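Data block below; observations after.
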Amino acid sequence: MTAIPPTVLPTSAYLHVPFCRHRCGYCNFAVVAGRDDLVPAYLRALATELAQLTTPRPIETLYLGGGTPTRLPTPRLDELLTLARRWFPPQAGVAPEFTVEANPGDLTVETVRLLARHGVTRLSLGVQSLNPAKLRQLERDHTPADVRQVVDAAHDAGIAPAIDLIFAAPGETLEAWRADLDEALTLRPSHVSTYGLTYEKGTSFWSRRLRGDLSELGDDLQRGMYELAIDRLAEAGLEHYEVSNFARPGRRSRHNESYWTGREWYAAGPGAARYVGGVRETNHRSTTTWIRRLENGEPPVAEREELSPEERARERLVFGLRRLEGVRYDAFAAQTHHEVAELAGEAIARFVSLGLLVDDGQVVRLTRNGLMVSDAIWPDLL
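All letters in the sequence shown, in the order written, are residues 1 to 382 by full-length UniProt numbering.
Structure below.
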């Protein structure tokens, strides 16, 4: 992490914890499986990287992702949480949001209580499904019973459970997905994120699809599953506030909202990407390389990019359009010193004519049809 002067004050921070028991077949994140022996060296390296801040940075949102932060043994998890709060204490006068990602198979009631003692307010659970057969197909190592135990423990500890769900698994039907959604809603989650299964190059699912062992569902069925999620979750009282995210009132992910609204953030850990002072830096994805560089007094950064004001404005436009409330022209101009029409007026007009965006002269936002194909819109706006 490049030394950051205290005059630059992002209000969010992300720490990447790369450890997993097993790498799932669809996962292309910066994780290491079966290398718990690296945990002590990881914690020492993380402490070294964070020390480059020189002084603690009060923040509004803190997010520990991975990987599986709760994969760490209890004493090491306690050390990680203490380190995180030492460098990123809550900002005075603001109710902090402190999120930790977890795999239901790695959590115990005691671990949840430890998280609560350290001030964790959100538990982001990689549930993915409550169908045992689908869990096995996705190579998840937990059971529906594990999920229920952990969610109950979170509710009891006063921690808001947020769950991730995957749809469009090979062979999945619309009715099977409906049943999965209904089962998930019995958990009373504060937040739900839904993602269609993707086959990323370099993953085992990618290779299996190339061999014909796995088949991707058709576009129409995938669209039907996404629309079903939108409607069913709305019926259950969850607000659809971002392309993939749904929340109960007052339970949006404030940390992710900081990304979508163009705010800057600190980040540390292998593969972590930070955005401070208009500069984006990404650490080495390899945990061992990241550790070795910090042990040798070398910077862990693999990529560094200084964005121009126009590039920053274009990214702000795209991330803002991911939010269902869209982008307000006046607020955008005040924040970026660029006009939306100047950056993307022609592209927006074209997407409006196609029924993918709606523009009332004050706000531009995605339509229902636009939500279905949003990834195809972004390249024309960047």
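Where a beta carbon is used, it is the ideal one built from N, C-alpha and C, also for glycine. What you are looking at is a predicted structure, and each value in this text was computed from that prediction instead of being measured.
Asked: Collapsed DSSP secondary structure at Val112 in the structure displayed; Found: helix
Asked: Contact between the stretch 327-343 and the stretch 183-202 (3+ Cβ pairs under 8 Å); Found: no
Asked: Cβ pair count under 8 Å reaching 3, the stretch 282-300 against the stretch 203-215; Found: no
Asked: Separation of Leu64 from Val364, as counted between CA atoms; Found: 33 Å
Asked: Rounded Cβ spacing between Val150 and Pro189 (contact assumed at less than 8 Å); Found: About 12 Å; that fails the 8 Å criterion.
Asked: Per DSSP, cross-strand counterpart(s) of Asp359; Found: Val364
Asked: Opening and closing residue of the alpha helix (DSSP H) in which Thr336 lies; Found: Tyr329 to Thr336
Asked: Other residues of its chain near Gly119: CB distance less than 6 Å, five sequence neighbours each side excluded; Found: Phe98
Asked: Closest Cα partner of Ala349 within the set Phe319, Leu324, Asp380 and Val373; Found: Asp380
Asked: Residue closest to Val39, alpha-carbon to alpha-carbon, out of Glu235, Leu174, Thr68 and Cys24; Found: Thr68
Asked: Residues sharing a beta bridge with Ala33, DSSP; Found: Cys20
Asked: C-beta atoms of Ile163 and Leu187 nearer than 8 Å; Found: yes
Asked: Three-state class that DSSP yields for Phe205 in the structure shown; Found: helix
Asked: Neighbour-count burial assignment, Ala184, 16 or more Cβ in a 10 Å radius; Found: buried
Asked: Environment of Pro249 [buried if 16+ CB atoms lie within 10 Å]; Found: exposed
Asked: Backbone secondary structure at Phe88 - three-state DSSP; Found: coil
Asked: Contacts around residue 383, its chain only, beta-carbon distance under 8 Å, and the 5 residues preceding and following it disregarded; Found: The structure shown does not extend to residue 383, since the chain spans only 1 to 382, so no value can be given for it.
Asked: First through last residue of the alpha helix (DSSP H) which encompasses Gly345; Found: Val340 to Ser353
Asked: For Leu382, the residue or residues it bridges with in DSSP; Found: Answer is none; Leu382 lacks a bridge partner.
Asked: Contacts around His284, its chain only, beta-carbon distance under 8 Å, and the 5 residues preceding and following it disregarded; Found: Pro270, Gly271, Trp290, Arg293, Pro300, Val301 and Ala302
Asked: Under the three-state DSSP convention, the category Val276 falls into; Found: strand
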